[in-house]
Amino acid sequence: MQKVLLIIQREYLTRVRKKSFIIMIFVVPGLILAMGGVITLVSKNSDQINTEQTVKVVDESGIFKGKFHDVPKIKFQTSTQSLKETKASTSADSLLTLYIPANYSAKPNSVQIFSKKKPPFKLTGEIEKQMNDIAVNTSLMEHHIDTAYMRTLKSNISLNAVEITDSGDKDANVGANVAVGIACAILIYMSLFIYGAQVMRGVIEEKTNRIIEVIISSVKPFQLMLGKIIGVGLVGLTQFAAWIILSVVSTKVLGQAFHAPQGSMMSFLAVLQTIPFGYILGCFIFYFLSGYLLYSALFAAVGSAVDSETETQQFMFPITLPLLFTYILSVSILFQAPDSPLAVWLSMIPFTAPVAMMVRIPFHVPGWQLAISMSLMVVGFLGTTYVAARIYRVGVLMYGKKASFKEIIKWFFYKE
């Protein structure tokens, strides 16, 4: 055990003392805040049209003539010329031609807009909205229905999700929970690759430099592999802890510096209070550690089987495919149905659970499902560590021979 602790200490201190590690601790929170600011600015301006656009309408149907109304940065003009003549006059980038054929309703996609460059999305959306409104009003009038009365019947209903709990009703804030679940899934997905790859590179480096031969004379291969895995894992936890602390502190300081409005701040705090951060953080740490131990053991086995990083691709793809598959489903499907059979099964399988379960955690996973998933994760990383250790003990001393899956299976069955 003492030898394992020494290896853990060496792996941990070697990495945390690097300038790159210290720099990244401070740089990443800054980049996250900067990215958040950029996203906020972009989202505020994404719907804006930079220059004023003039749309000349060629309406052969006569239904829309003179019924378009101007909006900020978009002006409509009814053209008395033919389509060909109007298109010819559309010489500037800010001039567009909207063509509506007489039988537009009978031919899908027959309504066209012509411009010198691709029109802004907001402009096409505004035209579609006005055309649909005009078409509906025209149809209502043809059936002698009072359009003014119909508009008074429209309502603006906003649905607020409320969760029934033992302590009373509380706002569910589904959007915030979805955001937290996806963020945790992405963070675990990235961290398993980053820190698992560090273990693999460390093994390859020691193997190619022939340092491994000296180390193996003092410790058993399993002790060396276990020490490297735990040491790098502690580096990851240290980095996460530093990032969380610095992000919270910097966010608070910036909020005070820019004097965030009291109403918006109170609203933000109210949303945060609905999210069980302690519960989510505990689950995140467990699934990060168990997933890391599972995958890093396999990464270490891959590192021991090759002589350079370029040879790892044939072994890496089958290992990382379940993780990649679950990540794609998590950010596209699972968060929409966190209790579906697919989500439940993926959160139980050890190779997919670290990502899938973190998507489900904010939606209050049943206790028995969480217990089964965690138990299977423990069994899973113990099993993969055993398999990886048997491969590692042979592969780490193999040089100059390209390993294949058949060869690796033979290594597993070699006796001590």
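Under full-length UniProt numbering, the residue at position 344 of the sequence shown is numbered 344, and the numbers go up by one with no gaps. Cβ atoms here follow ideal geometry from the backbone N, Cα and C, with glycine treated the same way. As the structure is a prediction and not an experimental result, all values here were calculated from the model.
- Straight across, the Cα-Cα distance linking LYS116 with GLU128 is about 20 angstroms.
- Only buried fits THR384, as 16 or more other CB atoms lie within 10 angstroms of its CB.
- For PHE363, no beta strand (DSSP E) segment is defined, and its DSSP state is neither H nor E.
- Collapsing the DSSP output to three states places LEU95 in a strand.
- Beta-bridge partners assigned by DSSP to THR78: VAL57.
- The DSSP-derived three-state label of PHE114 is strand.
- Rounded to whole angstroms, LYS122 and PHE68 show a C-alpha spacing of 16 angstroms.
- Going by C-alpha positions, VAL57 is about 11 angstroms away from VAL111.
- The residue from PHE315, VAL136 and GLY30 with its alpha-carbon nearest to that of ILE409 is PHE315.
- Between the segment 326–338 and the segment 296–311 there are fewer than three C-beta pairs closer than 8 angstroms, too few to call the two in contact.
- Below 8 angstroms, enough C-beta pairs join the segment 327–347 and the segment 184–196 to call them touching: three or more.
- Shown here, ILE100 sits in a strand according to DSSP, grouped into three states.
- With at least 16 other beta carbons inside 10 angstroms of its own, ASP59 counts as buried.
- Between VAL331 and VAL355, the alpha-carbon positions lie close to 10 angstroms from each other.
- Residue state for VAL219 is assigned as coil, using DSSP reduced to three classes.
- Residue state for VAL71 is assigned as strand, using DSSP reduced to three classes.
- Assigned with DSSP and collapsed to three states, SER308 falls in coil, not helix or strand.
- Counting along the chain, ASN132 sits inside the alpha helix (DSSP H) bounded by residues 121–142.
- Each of LEU96, LYS107 and THR138 was checked against the Cα of LYS118, and the nearest Cα belongs to LEU96.
- One thing to note: SER296 has its Cβ within 9 angstroms of the Cβ of VAL199.
- The segment 207–227 makes no contact with the segment 238–250, as fewer than three CB pairs between them are under 8 angstroms.
- Within the same chain, GLU60, SER61, LYS107, SER110 and VAL111 come within 8 angstroms of PRO101 by CB-CB distance, once the 5 residues on both sides are set aside.
- In this model, LEU294 and ALA179 are separated by some 26 angstroms (Cα to Cα).
- In terms of Cβ geometry, PRO338 and GLY181 form a close pair [threshold 9 angstroms].
- Between THR352 and the set SER340, ARG15 and PRO322, the nearest pair of CA atoms involves PRO322.
- With respect to the 9 angstroms criterion, LEU226 and ILE7 are classified as neighbours on the basis of their beta carbons.
- Per the Cβ contact rule, the segment 355–375 is not in contact with the segment 387–397 (fewer than 3 Cβ pairs under 8 angstroms).
- MET348 is positioned such that its CB atom lies no closer than 9 angstroms to that of TYR287.
- Ranking VAL55, ILE74 and GLN130 by CA distance to the CA of LEU83 puts VAL55 first.
- With contacts defined by Cβ atoms closer than 9 angstroms, ILE204 and VAL306 form a contacting pair.
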